[in-house]
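To start, the structure under review is shown below, and the notes come after it.
2 protein chains.
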Amino acid sequence: MNVLITGGTGFIGKKLAAALARRGELRLDGRAAPVERITLFDTFPGEDVPEDARIRVVTGDVAERPMLDRLVADADLVWHLAAIVSANAEADFDLGYRVNLTGTWQLLETLRAKGGRPRLVFTSTLAVYGGDLPEIVGDTHHLTPQTSYGAQKAASELLVADYSRKGFVDGRALRLPTIVVRPGKPNKAASTFASSIIREPLAGQEAVCPVSREAAMFVLSPRRVVDALIHAMELPDAAFGVVRAVQLPGITAGIGEMVDALERIAGRKVAARIRWEPDPLIQKIVAGWPARVSGARALGMGFQADGSVDEIIRAHIEDELGGSFVG
Amino acid sequence: MNVLITGGTGFIGKKLAAALARRGELRLDGRAAPVERITLFDTFPGEDVPEDARIRVVTGDVAERPMLDRLVADADLVWHLAAIVSANAEADFDLGYRVNLTGTWQLLETLRAKGGRPRLVFTSTLAVYGGDLPEIVGDTHHLTPQTSYGAQKAASELLVADYSRKGFVDGRALRLPTIVVRPGKPNKAASTFASSIIREPLAGQEAVCPVSREAAMFVLSPRRVVDALIHAMELPDAAFGVVRAVQLPGITAGIGEMVDALERIAGRKVAARIRWEPDPLIQKIVAGWPARVSGARALGMGFQADGSVDEIIRAHIEDELGGSFVG
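Sequence lines, in order, name chains U and F.
Read left to right, the first sequence gives residues -7 to 319 (my numbering).
Read left to right, the second sequence gives residues -7 to 319 (my numbering).
Pasting the structure below:
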């Protein structure tokens, strides 16, 4: 079984590759399928790619057809994670559309040309929701994105569903909560601070929080998102049925609550490394995202949320910091 | 004020052009704007185009940029009606995507390049809904189309909304019920029979009904859809707010009820010209469309439904048959 991960040298791609290499096999339609090759496709070679004989990195442009054709020809399963993130897609309209919508469409066309109804897991986002939202966003609430990123992901979901309905691919789309705690450096996502305010203080560095304590986000840990990506690939086709997109379960975390959890786990000195500097633009974008989302359908399909913010922070210390932090 | 109507030589385009010529002006932002030129853009020159010095027909491809640039440069307002209809888009996947999604996207890019935030009315469809539907489809129900046509229209709605949010256009999308009674000949839409079973018998011809009496559709008359298209253009930007698509109000008409109304108005002999020949494919497509749809938001915005099926049939006899029919 050869797998292709677009956006593969991003942090989720690398964690997914490591998890696949560790497991050594996938359970598809009741049978164990050994993972023979894992291709990480991205614009950048990336750092700290897991070292494993089965893992290789290929660099290129996801919206460029001849390259995609070659990669897809060789792949049995595809995780399509490549994306221009929210604030970047908002700042560079054309780039966002080219990668996030044209890129996904090209990938679907490539899979259709290959034939055999290849299985595809596509990462969408809760930014597909926006505008007037109900207290809890249900599984059948309409998509009215208020960012280009959200619009591109929502349109891509429709393409994944239609190409699946026509039998060209077996596509599954997951709407990801905000992933916390992301390792590495801040990126251009408007949500990047939600990781920074945990990650940087634990590393002995200052972090800026651009939203107030009252802001809240719907979050999922890197551990859980990797589990979800694998689970989405392993689920039978029928589990998705005619609705190919599912919003993942997560937990609602107030920013104040996250900082309190950090102080509880790592002490007052660590939590004091957060500088509060409200940024109206980020505040507005974050306020537009749903903070409470029903995970009912996903839970019924076997996807899982984290137990608590404390659990998320402890997992980060364990997985990324070798169990210790700068107190 | 120069207006451009894509798909302009289709029956709605021609009726819209005639209505605009008759009115002579539009009411935009509280001011009367005279209609100076009406350009009907379509792949075919069409028949029975209303004769008026202000109306001209231009033929070409909606997905072809240089042509669109020239037309848009000259237009102050655009109604984008051009589309490959449902059964045709289902049969020819590539053509449907090229016209219904790429075509709309190209038009949006052309309007963006022109600048000045041009006003655009885009016709979407109730085929954006599908799968498990509630008894009444509400204004905030998610879009899970079960045809490529529906997927293309839903994705286009997202583009219209995002280009509007970014200030590139002032776009308004209307989800049209099934238009009954369409004049002219049957087309490749799966819904075409709903007009045929009224139109053909009144013209002394046989019509085939591919669904049972129990099937129901959500319908709107040509008169009302033309009113809605003009109303959508005249409404202030704020009426649409962040949700740029609205489902038009209509009435739920059972097929048996429509035939009964035909018999009531035109007599038993006319209604007997309908031959019942169930077609499983058409039955399935029609059953997948919502028969009951909330018009709450649209009614609040001033859009109007027909009063009854009888009213719809009488309007057809009046507008298309000069008040008489073949008894």
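We put the CB at the ideal spot given by N, CA and C, even for glycine.
What you are looking at is a predicted structure, and each value in this text was computed from that prediction instead of being measured.
Pick from the options that is closest to residue i, judged by C-alpha positions
i	options	result
F/T1	F/V218, F/F33 and F/G196	F/F33
F/I257	F/V218, F/I4, F/R62 and F/S316	F/S316
F/S213	F/S156, F/L168 and F/D53	F/L168
F/W268	F/E310, F/S188, F/L221 and F/Q98	F/S188
F/A10	F/G246, F/L273, F/I277 and F/D219	F/D219
U/E17	U/T102, U/H223, U/V278 and U/T35	U/H223
F/I309	F/V27, F/I266 and F/E192	F/E192
U/I305	U/L291, U/S286, U/R216 and U/P26	U/R216
F/M225	F/A83, F/E82 and F/F114	F/F114
Residue i versus residue j: straight-line alpha-carbon distance, rounded
i	j	result
F/G280	F/A182	11 angstroms
F/M250	F/Y141	26 angstroms
F/F85	U/A153	14 angstroms
F/E303	F/I4	19 angstroms
U/K7	F/P228	49 angstroms
U/M59	U/I76	19 angstroms
F/I190	F/F210	16 angstroms
F/R205	F/I128	20 angstroms
U/N80	U/M(-7)	34 angstroms
F/P175	F/D40	12 angstroms
F/L100	U/H133	26 angstroms
U/T31	U/E43	13 angstroms
U/V278	F/E56	38 angstroms
F/A119	F/R284	13 angstroms
U/F295	U/R19	16 angstroms
F/Y89	U/V172	37 angstroms
F/L125	U/G314	50 angstroms
F/R15	F/Q197	35 angstroms
U/L221	U/R289	16 angstroms
U/V27	F/A245	55 angstroms
U/R164	U/I266	38 angstroms
U/D311	U/G259	19 angstroms
F/G108	F/A199	48 angstroms
U/L335	U/G95	Nothing can be reported for residue 335 of chain U, as the shown portion of chain U is limited to -7 through 319.
U/V91	U/C201	29 angstroms
F/R104	U/R29	44 angstroms
F/L87	U/T102	17 angstroms
U/P272	U/T184	15 angstroms
F/G248	F/E255	11 angstroms
U/G287	U/P178	27 angstroms
F/V49	U/R48	57 angstroms
Integer-rounded CB distance, given that residue j should sit under 8 angstroms from residue i
i	j	result
U/L63	U/S148	Actually they do not touch by this definition, with Cβ atoms about 18 angstroms apart.
F/A74	F/K106	Not really, about 18 angstroms apart at Cβ, beyond 8 angstroms.
U/A253	U/V301	4 angstroms
F/G242	F/A208	Wrong, their Cβ atoms sit about 11 angstroms apart, outside the cutoff.
F/A186	F/T170	5 angstroms
F/L150	U/A143	5 angstroms
F/G319	F/V262	6 angstroms
F/V203	F/P270	7 angstroms
U/D21	U/T35	Their Cβ separation, rounded to whole angstroms, is 33 angstroms, which puts U/D21 and U/T35 out of contact at 8 angstroms.
U/V234	F/T51	With a Cβ gap of about 38 angstroms, U/V234 and F/T51 do not count as contacting.
Residue i and residue j closer than 9 angstroms at C-beta
i	j	result
F/M293	F/A231	yes
F/G159	F/T139	no
F/D162	F/L112	yes
U/Q275	U/D131	no
U/R46	U/A13	yes
U/T(-2)	U/W97	no
U/P37	U/A67	no
U/L166	U/L69	no
F/S156	F/T117	no
F/K180	F/A83	yes
Q. Given a limit of 8 angstroms on CB to CB distance, which residues of the stretch 149 to 166 of chain F reach chain U?
A. Per Cβ criterion, the list reads L150, L151, A153, D154, R157 and K158.
Q) Residues in the stretch 234 to 250 of chain F with C-beta within 7 angstroms of chain U's C-beta atoms, listed in sequence order? A) Of all residues in the stretch 234 to 250 of chain F, only V234 and V235 place a beta-carbon less than 7 angstroms from a beta-carbon of chain U.
Q. If contact means a Cβ-Cβ distance below 8 angstroms, which residues of the stretch 261 to 292 of chain F contact chain U?
A. Here the close residues number zero.
Q: Scan the stretch 124 to 136 of chain F for residues whose Cβ lies nearer than 7 angstroms to a Cβ of chain A and list them as they occur along the chain.
A: Looking for chain A here will not work: the only protein chains present are U and F.
Q. Going along the stretch 84 to 103 of chain F in order, which residues come within less than 8 angstroms of chain U, judged by CB to CB distance?
A. Result list: F85.
Q: Closer than 8 angstroms, Cβ to Cβ, to anything on chain U: give me those residues from the stretch 170 to 203 of chain F, in chain order.
A: Taking 8 angstroms as the Cβ-Cβ cut-off against chain U, none of the residues of the stretch 170 to 203 of chain F qualify.
**Q.** Under 9 angstroms (Cβ pairs) to chain F, residues found in the stretch 3 to 31 of chain U
**A.** Cβ proximity to chain F below 9 angstroms picks out nothing from the stretch 3 to 31 of chain U.
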